[in-house]
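See structure below.
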Amino acid sequence: MTKRKDYLKWDEYFMGLAVLASLRSKDPNTQVGCCLVDSDNRVLSLGYNGFPIGCSDDEFPWDREGKTSYDTKYNYVCHAELNAILNYKGNSLKGAKAYVNQFPCNECAKAIIQSGIKTIIFLDDKYANSDGVKSSKRMFDAAGVKYKKFKALNKEIKINL
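Structure (structure tokens):
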């Protein structure tokens, strides 16, 4: 008997965790998850997009548009990458990798760079032409943070509960 050959590769495993984390998000439009991993392939932290602790997701707006930004989710939602960084309780994220199902915005890019994360593996870059993502890539390039699109070997991961 030989070992299985259809097991998940590390990138598939960690991206799967990021996607699974995204399913915790209560955002009706966009669910994002992030998995932070060290160089020994150990999970350091997970995060998903949602409101800060103590800010009720029943009382704060989930709307994308409003009379002012005060009436939209954008002033309140904490992104998955920032949540993963803030959830980390270790000493340092220096050299870590971040697996995310959406390319990081410019605000998350700043936190990623400042925390010492050196590699981003992303699933989707649907806002690639936005100024925010262009700014993220410019900062990542200047700071030496590598980023690459995730390439799955397996076509599908199923979770049956």
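Quick note: the sequence shown uses our numbering, first residue 320, plus one each step. Idealized CB from N, CA, C, for every residue including glycine.
Reduced DSSP secondary structure (H/G/I, E/B, other) of residue i
i    : result
V464 : coil
I440 : strand
A447 : coil
Y326 : coil
S341 : helix
Contact set for residue i: own chain, Cβ-Cβ below 6 Å, skip 5 residues either direction
i    : result
D390 : P380
C397 : P371
F422 : F441, D444 and V452
K416 : V356 and T438
For residue i, the residue or residues it bridges with in DSSP
i    : result
S364 : L355
G369 : C397
A417 : L355 and I439
Contacting residues, own chain, Cβ-Cβ under 8 Å from residue i (five flanking each side not counted)
i    : result
N406 : S364, L365 and G366
Residue span of the beta strand (DSSP E) that contains residue i, given as start and end
i    : result
K429 : Careful: K429 lies outside any beta strand (DSSP E), inside the alpha helix (DSSP H) at N425 to S434.
CB of residue i within 8 Å of CB of residue j, strictly
i    : j    : result
V356 : Y446 : no
G385 : D376 : no
Contacts around residue i, its chain only, beta-carbon distance under 7 Å, and the 5 residues preceding and following it disregarded
i    : result
N420 : A337, V338, S341, V351, G352, L442 and D443
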